Amino acid sequence: MGLLPGGLVKGLGVTLGEIVKTVTQGAQTVQYPHQKEQPAPRSRGVIALHEENCTACMLCSRECPDWCIYIEGHKDLAPPRRAGGKPRKVNKLDRFDIDFGLCMYCGICVEVCPFDALFWTPEYEYSEPRIADLLHDKTRLSQWMQTVPEFESYEAGAEVKVKKVPR
Amino acid sequence: MTSILALDYGYGGSVGLKLLLAFVAVLIPAGGTVYLYLFKMVSFMQSRLGPMEAGPFGSMQLLAEVGKSAQKEDIFPESADRFVFAAAPYVVMVSTFLLVLVVPFGPDAVFVNFDTGIFFALAVSSVSVIGILMAGWASASKYSLLGGLRAAGQLIAYELPLVLAVVGVVVQAESMNMQDIVSAQYNGEIFGWAAIGNPFILTQFAGFLIFMIAVQAELTQTPFDMPIAESELVAGYMTEYSGFRFLMFFIGEFATANIFAFLGATLFLGGWTVPPFVTDALGVEITDNIFNFIGPAIMGIKMLALTFVVYWVRFTYPRFREDQLQRFAWKVLIPLSLVNIVVTGLFKVVL
Amino acid sequence: MTEVTDRRQLAYIAAQASEARINVELEAEGMTLNIGPQHPATHGTLRIVARLDGEQVMDAEPMMGYMHRGYEKLAEVRTYPQVTALVNRIDWLGSFANEVPFILAAEQLMEVEAPPRAQWIRTILFEMARIANLTLFLGDMGVQLGAVTPVFYAFRDREHVLNQIEAATGGRFHPNFDRIGGVKDDLPAGWIQQTRQSLDKIRSFCDQMEDLLLGNAIFEQRTRGVGVIPADVAQAYGLSGANIRASGVDWDLRRDNPTETGLVYDQVDWKVWTHPDGDSFARYWVRLQEVRESCSIVDQLLGSIPKGPIMAKVPRIIKVPAGEAYVATENPLGIMGYYVVSKGGLEPFRVKIRSASFSNMSITPWLLKGTYVPDVITILASLYFILGDIDR
Numbered sequence: 020m021g022l023l024p025g026g027l028v029k030g031l032g033v034t035l036g037e038i039v040k041t042v043t044q045g046a047q048t049v050q051y052p053h054q055k056e057q058p059a060p061r062s063r064g065v066i067a068l069h070e071e072n073c074t075a076c077m078l079c080s081r082e083c084p085d086w087c088i089y090i091e092g093h094k095d096l097a098p099p100r101r102a103g104g105k106p107r108k109v110n111k112l113d114r115f116d117i118d119f120g121l122c123m124y125c126g127i128c129v130e131v132c133p134f135d136a137l138f139w140t141p142e143y144e145y146s147e148p149r150i151a152d153l154l155h156d157k158t159r160l161s162q163w164m165q166t167v168p169e170f171e172s173y174e175a176g177a178e179v180k181v182k183k184v185p186r
Numbered sequence: 068m069t070s071i072l073a074l075d076y077g078y079g080g081s082v083g084l085k086l087l088l089a090f091v092a093v094l095i096p097a098g099g100t101v102y103l104y105l106f107k108m109v110s111f112m113q114s115r116l117g118p119m120e121a122g123p124f125g126s127m128q129l130l131a132e133v134g135k136s137a138q139k140e141d142i143f144p145e146s147a148d149r150f151v152f153a154a155a156p157y158v159v160m161v162s163t164f165l166l167v168l169v170v171p172f173g174p175d176a177v178f179v180n181f182d183t184g185i186f187f188a189l190a191v192s193s194v195s196v197i198g199i200l201m202a203g204w205a206s207a208s209k210y211s212l213l214g215g216l217r218a219a220g221q222l223i224a225y226e227l228p229l230v231l232a233v234v235g236v237v238v239q240a241e242s243m244n245m246q247d248i249v250s251a252q253y254n255g256e257i258f259g260w261a262a263i264g265n266p267f268i269l270t271q272f273a274g275f276l277i278f279m280i281a282v283q284a285e286l287t288q289t290p291f292d293m294p295i296a297e298s299e300l301v302a303g304y305m306t307e308y309s310g311f312r313f314l315m316f317f318i319g320e321f322a323t324a325n326i327f328a329f330l331g332a333t334l335f336l337g338g339w340t341v342p343p344f345v346t347d348a349l350g351v352e353i354t355d356n357i358f359n360f361i362g363p364a365i366m367g368i369k370m371l372a373l374t375f376v377v378y379w380v381r382f383t384y385p386r387f388r389e390d391q392l393q394r395f396a397w398k399v400l401i402p403l404s405l406v407n408i409v410v411t412g413l414f415k416v417v418l
Numbered sequence: 003m004t005e006v007t008d009r010r011q012l013a014y015i016a017a018q019a020s021e022a023r024i025n026v027e028l029e030a031e032g033m034t035l036n037i038g039p040q041h042p043a044t045h046g047t048l049r050i051v052a053r054l055d056g057e058q059v060m061d062a063e064p065m066m067g068y069m070h071r072g073y074e075k076l077a078e079v080r081t082y083p084q085v086t087a088l089v090n091r092i093d094w095l096g097s098f099a100n101e102v103p104f105i106l107a108a109e110q111l112m113e114v115e116a117p118p119r120a121q122w123i124r125t126i127l128f129e130m131a132r133i134a135n136l137t138l139f140l141g142d143m144g145v146q147l148g149a150v151t152p153v154f155y156a157f158r159d160r161e162h163v164l165n166q167i168e169a170a171t172g173g174r175f176h177p178n179f180d181r182i183g184g185v186k187d188d189l190p191a192g193w194i195q196q197t198r199q200s201l202d203k204i205r206s207f208c209d210q211m212e213d214l215l216l217g218n219a220i221f222e223q224r225t226r227g228v229g230v231i232p233a234d235v236a237q238a239y240g241l242s243g244a245n246i247r248a249s250g251v252d253w254d255l256r257r258d259n260p261t262e263t264g265l266v267y268d269q270v271d272w273k274v275w276t277h278p279d280g281d282s283f284a285r286y287w288v289r290l291q292e293v294r295e296s297c298s299i300v301d302q303l304l305g306s307i308p309k310g311p312i313m314a315k316v317p318r319i320i321k322v323p324a325g326e327a328y329v330a331t332e333n334p335l336g337i338m339g340y341y342v343v344s345k346g347g348l349e350p351f352r353v354k355i356r357s358a359s360f361s362n363m364s365i366t367p368w369l370l371k372g373t374y375v376p377d378v379i380t381i382l383a384s385l386y387f388i389l390g391d392i393d394r
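Protein chains in written order, with my numbering: chain D, 20 to 186; chain S, 68 to 418; chain C, 3 to 394.
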């Protein structure tokens with residue numbers, strides 16, 4: 020049979036060492052909910068909406084693979100820029116809902132927005148007892164803007180400029 | 068044992084007290100070791116803390132599990148044999164309770180002091196094989212059947228090394244009475260040095276190893292857990308059991324491990340005694356009444372040490388395949404234990 | 003006999019007939035055991051109908067498709083960025099690796115090449131996906147064999163790599179980071195140093211696995227000589243990845259694929275590991291060495307990232323010109339290839355996915371004949387397939 024006791028005993032030593040390490044240095048798990056991990060700033064937790072930048076162009080809604088963004092807007096007349104000019108047509112946002120029950124957190128909507136109105140935040144604790152409550156409306160999405168972290172600086176050698184988050 | 072704690076209870080009272088003590092001796096250590104080893108030790112081995120929410124440091128977790136299992140629906144598979152299916156866990160538990168009868172916990176604290184105590188213990192430990200076969204067959208499921216058949220083959224094969232390893236101890240102690248084995252270890256001497264007595268773990272080292280391996284196999288623990296084989300047969304012969312019946316198998320497994328550890332402590336570690344130099348230093352005799360109270364505690368400590376080894380090995384190693392298991396028993400363990408008996412006999416005659 | 007013309011009825015009858023055929027064939031003698039689709043050992047919903055004689059398998063037939071999600075059909079109606087997001091989920095353990103061949107095929111059609119910095123970042127994340135995937139295998143093989151502790155170490159140490167992928171891309175499991183013409187964003191500050199630290203942890207994990215499992219006599223007994231695949235049989239069945247390298251065939255698309263540009267393996271000093279035995283032990287050993295090799299590749303790449311842009315000049319709305327391209331890369335599970343046919347629109351016309359696990363599974367009927375039931379589990383574990391990869 021040739022049972023080599025050396026390898027077997029070494030294996031026992033590994034697990035015993037792990038017991039001693041956990042007892043003396045603590046476990047390697049995070050005791051949620053008493054302790055919480057801090058996810059990376061780029062982590063895709065929830066999407067925040069900066070309403071002032073949004074022009075209801077519908078690009079995010081069209082590009083979403085799941086069609087989980089619902090946008091309704093109407094055209095309105097804004098006062099002219101200079102006195103005596105023509106009134107401007109602007110898009111007004113009526114409804115901007117993201118259904119996080121459908122969202123697959125791919126980030127295409129954030130990426131295609133030409134006006135920098137959507138941002139990722141690492142917030143993840145928004146589970147609800149009812150699935151219908153996972154539809155975040157305009158106000159709730161604007162509230163998430165407070166949790167959006169500043170964009171981090173890049174590694175040496177990057178040519179990309181760091182964007183600013185509008186507050 | 069009609070004069071427990073120096074009080075006379077009469078027949079009815081003493082029987083009732085013995086029943087209560089039997090339940091305590093089986094179930095309390097089982098609950099304690101489930102918490103200590105299954106919840107905590109394995110968790111620490113895996114760099115995590117285990118249950119922490121139910122009670123301080125998760126100590127009430129087993130109570131929560133019992134409560135959860137007790138309120139579950141009692142499910143019988145449709146084509147299962149109802150009586151046999153229901154009776155199987157009880158049969159397995161019967162062997163555990165019968166085993167605890169002969170284990171001595173103190174100079175007078177033993178349920179029944181047979182003259183052939185260890186013989187009775189080994190014979191009765193095989194009753195659980197019937198229970199496992201009943202469970203496997205009556206579940207009317209191919210997975211359970213495979214598990215039950217594997218278990219039957221394995222348990223019968225590993226009975227022999229278990230018995231033969233104990234024969235060496237019996238030869239050295241010159242008696243099959245459990246109390247005599249304990250006192251032989253206390254009163255014996257190793258090559259003339261009597262300070263620690265003669266715990267058979269030192270003089271019967273090979274027998275101890277074979278005993279521990281055979282115990283691991285009798286309890287169907289990894290590396291010998293083919294009958295359960297979680298990743299193949301889901302739970303082997305226990306697959307179709309749910310709720311309280313599954314809990315009986317589960318607690319029964321831990322209780323049996325503890326009882327085998329008690330047996331091992333009695334046979335190899337000196338049982339409920341402490342080494343002679345301790346009693347000499349404290350100035351007490353080993354047959355004092357005080358040892359009826361300290362004895363169970365000492366047995367508990369020795370039992371915890373042996374079960375630590377059992378579970379340490381269980382959670383570290385992968386499992387053997389059925390034929391490798393059988394080959395190991397028949398071609399390695401049994402010849403080794405026979406050689407052990409011959410050598411012990413030689414030493415006994417010569418020295 | 004009345005003619006049945008209704009399509010659904012025909013399909014129903016055909017399904018019943020095939021089921022009956024299987025039942026009749028397999029009920030001939032011996033016991034029919036259904037391993038799966040709900041089973042702890044199969045990596046997902048795989049069903050293997052095995053005919054047993056006692057504990058020996060006489061016949062085994064794998065039935066896949068319980069997890070079919072219709073990727074190729076979905077790809078016909080999704081734009082290229084949307085397909086990239088979906089394709090992450092095929093092999094969900096090393097998910098960045100799924101995007102790469104698709105993006106490379108689209109880049110071939112558009113005749114655009116990613117700038118060097120983007121190629122470096124792509125290769126680094128590709129290798130980190132390989133590390134994430136294979137470390138899970140190292141622990142998982144232990145669990146299939148009964149050792150419950152190594153898998154916890156695998157999950158624990160893999161977290162460090164996943165955290166680094168999250169720090170760069172935003173998603174631990176589904177990065178969605180590759181874009182036609184480059185990658186989405188550059189690396190955050192401090193990433194290189196943190197990644198080096200996590201690689202050290204992976205290296206110590208590999209050493210731990212060597213002590214805990216590879217050196218274990220019981221593990222060796224269970225895996226040596228079990229599921230031996232000779233080299234010619236492996237090539238005939240189209241195996242790929244570590245499975246074929248463990249049978250002695252020296253074939254690795256990272257080195258032997260001169261037509262594919264976009265990954266920078268020729269800039270790194272690395273080695274392809276093979277093993278002559280072809281049994282389950284060899285497959286485990288080869289994957290362990292591959293993890294170590296990937297750590298060394300990432301280390302070298304981290305030290306030599308060139309400066310520059312991360313995205314080539316591509317239009318905002320991507321319309322891929324008409325044509326077809328096939329790109330295959332050495333993914334963690336094997337060779338994964340995408341055959342992209344474009345008719346010049348926003349969406350591909352047809353995407354055919356050649357997934358590694360589907361071909362790796364094809365050897366199971368041949369391999370499982372005559373083995374014992376526990377060995378079936380060992381062999382399935384050592385072949386290492388992911389159901390998402392088989393069924394797509």
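C-beta: ideal position from N, C-alpha, C; glycine also. Only a predicted model underlies this, so the values are computations on that prediction, with no experimental measurement involved.
- prompt: Would you call S:L349 buried or exposed, if buried means 16 or more other Cβ atoms sit within 10 Å of its Cβ?
  reply: Numbered from 1 along the second sequence, position 282 holds the residue referred to as residue 349 of chain S. Flag for S:L349 reads exposed.
- prompt: What's the C-alpha gap between C:V235 and C:S242?
  reply: Residue 235 of chain C sits at position 233 when you count from the first residue of the third sequence. Residue 242 of chain C sits at position 240 when you count from the first residue of the third sequence. Rounded to the nearest angstrom, the two C-alpha atoms are 12 angstroms apart.
field: Element boundaries [alpha helix (DSSP H), containing S:F327]
entry: Locating residue 327 of chain S in the second sequence gives position 260, counting from the first residue. Run containing S:F327: G310 to F335, per the alpha helix (DSSP H) assignment.
- prompt: Residue range of the alpha helix (DSSP H) that S:A155 falls in?
  reply: Residue mapping note: residue 155 of chain S aligns to position 88 of the second sequence, counting from 1. Segment R149 to V167, the alpha helix (DSSP H) holding S:A155.
- prompt: Do you know how far the Cα of S:K85 is from the Cα of S:Y304?
  reply: For the purposes of this step, residue 304 of chain S is taken as residue 237 along the second sequence, with counting starting at 1. For the purposes of this step, residue 85 of chain S is taken as residue 18 along the second sequence, with counting starting at 1. Straight-line Cα distance between these residues: approximately 33 angstroms.
- prompt: Taking 8 angstroms as the CB-CB limit, is S:M279 close to chain C?
  reply: Residue mapping note: residue 279 of chain S aligns to position 212 of the second sequence, counting from 1. Taking Cβ atoms only, chain C never reaches closer than 8 angstroms to S:M279, which makes this a no.
message: Can you check which of these residues, S:F375, S:K139, S:S211 and S:E145, is closest to S:Q283 by C-alpha distance?
response: As a working mapping, residue 283 of chain S is identified with position 216 in the second sequence. It is S:F375.
message: Can you tell me whether S:A232 is helix, strand or coil according to DSSP?
response: In the second sequence, the residue the question calls residue 232 of chain S occupies position 165. Helix, per DSSP.
query: With a CB to CB cut of under 6 angstroms and the five nearest residues on each side skipped, what residues in its chain are close to C:V230?
result: Translated into the one-based positions of the third sequence, residue 230 of chain C becomes position 228. Cβ-Cβ distances below 6 angstroms link C:V230 to G280 and D281 in the same chain, with the five nearest sequence neighbours on each side left out; the list follows chain order.
message: Mapping the DSSP letters down to three states, classify S:S404 as helix, strand or coil.
response: Here residue 404 of chain S refers to the residue found at position 337 of the second sequence. S:S404 sits in a helix when the DSSP states are folded into three classes.
task: Grab the span of the alpha helix (DSSP H) containing C:Y155 for me, first residue to last.
output: Your numbering for residue 155 of chain C matches position 153 in the third sequence. It spans T151 to T171 - the alpha helix (DSSP H) in which C:Y155 sits, taken as one unbroken run.
- prompt: Does S:M119 come within less than 8 angstroms of chain C when only Cβ atoms are used?
  reply: Counting from 1 along the second sequence, the entry for residue 119 of chain S is found at position 52. Chain C contact via Cβ: absent.
query: What does a CB cutoff of less than 6 angstroms around C:R356 pick up in its chain, not counting 5 residues either side in sequence?
result: Here residue 356 of chain C is taken as the residue at index 354 of the third sequence, counted from 1. So the list reads G339, once near-sequence residues are dropped.
task: Assign C:M143 to one of two classes, buried (16 or more other C-beta atoms within 10 Å of its C-beta) or exposed (fewer than that).
output: For the purposes of this step, residue 143 of chain C is taken as residue 141 along the third sequence, with counting starting at 1. It counts as buried.
query: Count the other CB atoms within 10 Å of the CB of C:Q84; is the residue buried (16 or more) or exposed (fewer)?
result: Residue 84 of chain C sits at position 82 when you count from the first residue of the third sequence. By the 10 Å Cβ count, C:Q84 comes out buried.
field: Positions along the segment 106-136 of chain S whose CB lies within less than 8 angstroms of some CB in chain C
entry: V109, M112, Q113, S114 and R115
- prompt: Exposed or buried, what is S:W339 when buried is set at 16 or more other beta-carbons lying within 10 Å of its beta-carbon?
  reply: As a first step, residue 339 of chain S is located in the second sequence; it is residue number 272 there, counting from the start. The residue in question, S:W339, is buried, as its Cβ has 16 or more Cβ neighbours within 10 Å.
- request: Could you check the C-alpha separation between C:G217 and D:G30 for me, to the nearest Å?
  value: One-based indexing of the third sequence puts residue 217 of chain C at position 215. One-based indexing of the first sequence puts residue 30 of chain D at position 11. If I take the Cα positions, the gap works out to 8 angstroms.
- prompt: Roughly how many angstroms separate the alpha carbons of S:V196 and S:A232, rounded to a whole number?
  reply: Here residue 196 of chain S refers to the residue found at position 129 when the second sequence is read from its first residue. Here residue 232 of chain S refers to the residue found at position 165 when the second sequence is read from its first residue. The straight-line gap from Cα to Cα measures roughly 20 angstroms.
- request: Could you have a look at C:G56 and say whether DSSP puts it in helix, strand or coil?
  value: Within the third sequence, residue 56 of chain C is the residue found at index 54, counting from 1. It is coil, neither helix nor strand.
task: Since I believe D:T41 is in contact with S:S114 (beta carbons under 8 angstroms), could you give me their beta-carbon distance rounded to a whole number of angstroms?
output: Against the second sequence, residue 114 of chain S aligns to sequence position 47. Against the first sequence, residue 41 of chain D aligns to sequence position 22. Right, the Cβ-Cβ distance comes to about 6 angstroms (below 8 angstroms), so this counts as a contact.
Helix, strand or coil at C:N135 [DSSP, three-state]: Stepping through the third sequence from its first residue, residue 135 of chain C is reached at position 133. C:N135: helix per DSSP, three-state reduction.
field: Under 7 angstroms by beta carbon: chain S residues contacting C:T403
entry: Any property of residue 403 of chain C remains undetermined from this structure, which presents chain C solely from 3 to 394.
message: Cutting at 6 angstroms between CB atoms, please list the residues of its own chain near S:E396, excluding the five before and the five after it.
response: Here residue 396 of chain S is taken as the residue at index 329 of the second sequence, counted from 1. What sits at residue 396 of chain S in the sequence shown is Ala, not Glu. The answer, listed in chain order, is A224 and Y225.
field: Amino acids of chain D, ordered along the chain, whose beta-carbon sits closer than 8 angstroms to that of S:W379
entry: If you number the second sequence from 1, residue 379 of chain S lands on position 312. Going along chain D in sequence order, the residues near S:W379 (Cβ under 8 angstroms) are L31, T34 and L35.
- request: From the DSSP output, in three-state form, read off C:D301 for me.
  value: Locating residue 301 of chain C in the third sequence gives position 299, where the first residue counts as 1. C:D301: helix per DSSP, three-state reduction.
query: With burial defined as no fewer than 16 other Cβ atoms inside 10 Å of the residue's Cβ, what is the status of D:V179: buried or exposed?
result: Here the question's residue 179 of chain D lines up with position 160 in the first sequence. Label assigned to D:V179: exposed.
- prompt: For the segment 163-179 of chain D, which residues have a CB atom closer than 7 angstroms to at least one CB atom of chain C, in sequence order?
  reply: E171, S172, Y173, E174, G176, A177, E178 and V179
- request: Using a Cβ-Cβ cut-off of 8 angstroms, state whether C:R224 counts as contacting chain D.
  value: Residue 224 of chain C sits at position 222 when you count from the first residue of the third sequence. So, not an interface residue.
task: Report the option in D:G103, D:Y145, D:L153 and D:S172 whose CA atom is closest to the CA atom of D:L121.
output: Reading the first sequence from its first residue, position 102 is the one you call residue 121 of chain D. Closest by alpha carbon: D:L153.
- request: Taking only beta-carbon positions, decide if C:P64 is within less than 8 angstroms of chain S.
  value: Residue mapping note: residue 64 of chain C aligns to position 62 of the third sequence, counting from 1. No, because no Cβ of chain S sits closer than 8 angstroms to the Cβ of C:P64.
- request: May I ask you to list the residues that DSSP assigns as paired with D:L96?
  value: Reading the first sequence from its first residue, position 77 is the one you call residue 96 of chain D. Partner(s): D:K108.
message: Residues in the same chain with beta-carbon distance under 6 angstroms from S:S298, minus the five sequence neighbours each way, listed in chain order, please.
response: Residue 298 of chain S sits at position 231 when you count from the first residue of the second sequence. Confidence in S:S298 is poor, its pLDDT being 46 and thus under 50, which makes the residue's placement too unreliable to answer from.
- prompt: Cβ atoms of S:A97 and S:I318: under 8 angstroms apart, would you say?
  reply: Your numbering for residue 318 of chain S matches position 251 in the second sequence. Your numbering for residue 97 of chain S matches position 30 in the second sequence. Contact flag set, yes.
- prompt: Would you call the CB atoms of S:T163 and S:I268 closer than 8 angstroms?
  reply: By 1-based counting over the second sequence, the position of residue 163 of chain S is 96. By 1-based counting over the second sequence, the position of residue 268 of chain S is 201. Contact: no.
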